[in-house]
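In what follows, a structure is listed as structure tokens, so that the remarks can point back to it.
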Amino acid sequence: MSELPSKGNALNETKEKDEYSANIISVISQIADDHLTVVRNISTGLAIAGIFMIARSIRLITKFGSASEIPARFIEKNVSLRGRVHRVTKSGLEVEHVPINVPLLSPLLRNRQSDALLDVRLAGVELTEEGWAWLRQQLKPTETVWFRLLRREAEALDCMVSVSRGPVFNTCVNEELLRLGLGKTAPLLGLHHQSRLYWRLHKRLLKAELRAEKKGKGLWREKGLWQRLSEAAHSNTAVRLFKRLFKRT
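So for the sequence shown, the UniProt record's numbering puts the first residue at 1; every next one is plus one.
Here it is in structure tokens:
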């Protein structure tokens, strides 16, 4: 029969375990003391990284009131920002920037945020008068839009503007204007001609314009017989008038 461990043996085992635990703690403390500089450097590095992340987050939740306030890296990386349309101007849109909402940080910055509006221009499109009228009709005040930054010129921003039409579909305003024949393609300024983004956007805009041209929409609409005759008559009248003036001289 096996013997039960005596009381003295149990006490010795407990004492040995306590000594072993104490030795482990002592070794860890000694390592920390020997490498105190390393530990401090790691702590400092983590603190700096945390501050950097907070700074980046603050930039993301900051409300921009002018083009000059937007960081250069946002333009270089073609970041998309959210905003609300306030007015359609002669050159583009007046948009109120709506930053990302972060529960703890956003309320702290709200009192310091500007109420100024951004001057957003539609990139790659030269609008007709009908195009401007369409914009005023379609983009209602306070409607939410997304504008992708392509270029900054003084206080104006050249952007690709999108509007949400339902929970799934987004409509690119630049493309839609060309698709309806309410404008012509214009150079995409601010993007390198060899970049993938340039060619992708350029291809989409040209495709939209070609579609309008094939379907005879907007400015590509074929002129009626009466309009062509009127223009021809007006042209002939002008030619005869010039001939009379030259004869008198």
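Yeah, the Cβ is synthetic: ideal placement off N, Cα and C, and Gly gets one too.
Here the structure is a predicted model, which is why all the values come from computation and not from measurement.
Item	Value
Rounded separation between glutamate 130 and arginine 73 - CA only	36 Å
DSSP-derived helix/strand/coil call for methionine 53	Caution is warranted here: a pLDDT of 45 is assigned to methionine 53, below 50, making its placement in the model unreliable, and the coordinate value is therefore given only provisionally. In this structure, methionine 53 counts as helix in the three-state DSSP scheme.
Neighbour-count burial assignment, residue 308, 16 or more Cβ in a 10 Å radius	The requested residue 308 does not occur in the structure, where the chain is confined to residues 1 to 249.
Arginine 84 (DSSP reduced to helix, strand or coil)	strand
Member of Thr89, Pro99, Pro71 whose CA lies at the smallest distance from the CA of leucine 81	Pro99
Run of the alpha helix (DSSP H) containing tryptophan 132, from where it starts to where it stops	129-138
Under the three-state DSSP convention, the category serine 68 falls into	helix
Arginine 221 classed as buried or exposed, judged by whether at least 16 other C-beta atoms fall within 10 angstroms	exposed
Within 7 Å, strictly: CB atoms of alanine 67 and glutamate 155	yes
Spatial neighbours of arginine 165 in its chain, beta-carbon cut-off 8 Å, leaving aside the 5 residues before and after	Thr171
CB of arginine 179 within 7 Å of CB of asparagine 78, strictly	no
Close-in-space but distant-in-sequence residues of the same chain around methionine 53 (CB under 8 Å, 5 per side omitted)	Since pLDDT at methionine 53 reaches only 45, below the 50 mark, its modelled position is unreliable, and the value read off the structure follows with that caveat. Result list for methionine 53: empty, nothing under 8 Å.
CB contact flag (arginine 151, leucine 122, <7 Å)	no
Under 7 Å between C-beta atoms of leucine 205 and glycine 92	no
Cβ neighbours of glutamate 94 in the same chain (closer than 7 Å, five flanking residues each side left out)	His86, Arg87, Leu117, Asp119
Serine 2 - DSSP class collapsed to helix/strand/coil	Confidence is the limiting factor: at serine 2 the pLDDT is only 47, short of 50, which leaves the residue's position unreliable and the question unanswerable from this model.
Other residues of its chain near leucine 219: CB distance less than 7 Å, five sequence neighbours each side excluded	Thr128, Gly181
Neighbourhood of glutamate 175 by C-beta distance below 7 Å, restricted to the same chain and skipping five residues each side	Arg204, Leu205, Ala208
Sequence-distant residues of its chain with Cβ nearer than 6 Å to glutamine 138 (five each side left out)	none
CB contact flag (valine 145, glycine 83, <7 Å)	yes
Pairwise C-alpha distance: methionine 160 and isoleucine 75	12 Å
Candidates Glu96, Trp199, Thr185, Leu135: closest to glutamate 213 by CA position	Thr185
Under the three-state DSSP convention, the category histidine 202 falls into	helix
Paired residues, beta bridge with aspartate 158 - DSSP	Arg121, Arg151
Reduced DSSP secondary structure (H/G/I, E/B, other) of methionine 173	Residue identity differs from the one stated: residue 173 is valine in this sequence, not methionine. If DSSP states are grouped into helix, strand and coil, valine 173 belongs with the helices.
Local conformation of arginine 196 per DSSP, three classes	helix
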